[in-house]
Amino acid sequence: MSRQGKGIERRVVRFIPFQGCARRCVYCDQRIITHDASVGDEVSQSAVRDALSSMSEAVELCFFGGSFARLEPGLMMEYMRSIESAPHGSVVTFSSYPGDFNGERGKALIKALRNYPIGTIELGIPSLDPHVLEVCGRQDDAGDIKKILAALQDEGFHIGVQTMIGLPGQTFESSILDVETLGGVMYPDSWDLRIYPCLVLRGTELEAMYRRGEYLPLELDEAARQSGALLRVAERLGFNVIRVGLHDSVSLKKSVVAGPYHPAFGELARSEKLALELFEKHPKGPWTVKSAMISQLTGHGAKGLRRLAELASMPLRAAESLIKII
Ligand code: SF4
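Printed below as a string of structure tokens:
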């Protein structure tokens, strides 16, 4: 669905760590991911309204880090009404649990949301595999998720999906199948998609599982390969992939116990995607690459070029000599 507020450049992000979450998913610590332990609790609504009313141009007011649509209805609408203080054309974006839109409560919620300018409803859909969802402590039902996505699109809401790779019980094949399944539910206009590799964060249930030997995270190279392949499938299906990898921060870096952490993870995934595309077009070269994209092959120790050479089963120098920059 076409997105309200498209083109708005300024975002005002209010983190609401764990607000609305019925329980914690095993891999999640929003206080680390949002790298702010207090802002959601301590910034008052009046302060948000004051900040919004002082702005001169339309903004996207974002509520991230919790399960927004599962908040107590009075509080949720209070948050929603903040947008009335913002300049004309401003929109509200929030992240939530897909199941929040289920059943009668979900219908009432969708009806209430129609009264507000909604930018994007970002839904956490780490997997559609029932086993993975269960091991991760999610309360989702894959069949319900598909129905909810269709219902939200029927109402004209623009959707953002946050999916993951490397979760307990998750395989590369199941990750690809998830994106293909989501693509099958998608209406012609594109959705936003975020792809996050699963990291073991300090203090989470996943850390305990990892220490007990019940969970083995992906290696960095494997995670980049999976993400690159997923990115390729997603873009072919028409998704607008807006992020690969968590936003880097000092807090995140300090809190990663294990897993495929890299400050520029998205660039590694894009290198993989480009290498796959070039190889598919011409398995033995030559390869034409736009100058604006050459860093995807040469960056991070020529990771993309090395991968292309590996795919083409030739020495690095031979692969390099077959690149033509335009
Ligand atoms: S992943 Fe989402 S629903 Fe799960 S605990 Fe974190 S914020 Fe809450």
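When we follow the numbering used here, the leftmost residue of the sequence shown carries the number 1412, and every step to the right adds one.
Cβ atoms here follow ideal geometry from the backbone N, Cα and C, with glycine treated the same way.
If you're wondering where the values come from, they're calculated on a predicted model, not measured in any experiment.
In summary, T1574 is buried, with 16 or more beta-carbon neighbours lying within 10 Å of its beta-carbon over all protein chains present. Following the DSSP letters along the chain, one finds D1555 inside the alpha helix (DSSP H) bounded by residues A1553 to D1565.
DSSP places Q1707 in the uninterrupted alpha helix (DSSP H) bounded by S1706 to L1722.
The continuous beta strand (DSSP E) containing L1534 extends over residues I1529 to G1535. Counted as a single uninterrupted DSSP element, the alpha helix (DSSP H) harbouring Y1621 occupies residues E1616 to R1622.
By the neighbour-count criterion, in which a residue is buried when 16 or more other Cβ atoms sit within 10 angstroms of its Cβ, V1661 is exposed. Counting along the chain, M1487 sits inside the alpha helix (DSSP H) bounded by residues P1484 to R1492. Counting only residues of its own chain and dropping the five nearest sequence neighbours on each side, L1617 has a CB closer than 8 angstroms to the CB of V1437, Y1438, P1579, C1609, V1611 and Y1626. The region 1682-1689 and the region 1698-1718 touch, with no fewer than 3 CB-CB distances between them shorter than 8 angstroms. For C1547, the shortest separation between its Cβ and any heavy atom of the ligand SF4 does not lie below 6 angstroms. As a beta-bridge residue in DSSP terms, Y1607 pairs with M1575. Assignment of T1699 by DSSP, reduced to helix, strand and coil, places it in the strand class.
Three or more Cβ pairs closer than 8 angstroms define a contact, and the region 1537-1557 meets that threshold against the region 1584-1592. When C-alpha distances from A1561 are compared across L1733, Y1490 and L1593, the shortest belongs to L1593.
In the three-state reduction of the DSSP assignment, I1734 falls in the strand class, which pools E and B.
Nearest C-alpha to S1457 among I1734, S1493 and A1619: S1493.
One Cα belongs to V1596, the other to I1532, and the distance between them is close to 16 angstroms.
The DSSP-derived three-state label of I1653 is strand. E1471 places its beta carbon less than 7 angstroms from that of G1530. With contacts defined by Cβ atoms closer than 7 angstroms, H1658 and L1631 do not form a contacting pair. Setting aside the 5 residues that flank it on each side, V1423 is surrounded in the same chain by V1470 and L1472, each with a C-beta closer than 6 angstroms to its C-beta; the list follows chain order. Approximately 13 angstroms separates the beta-carbon atoms of F1505 and L1563; this is outside 8 angstroms, ruling out the contact.
Counting along the chain, no beta strand (DSSP E) covers E1633; the unbroken alpha helix (DSSP H) around it starts and ends at L1631 to R1647.
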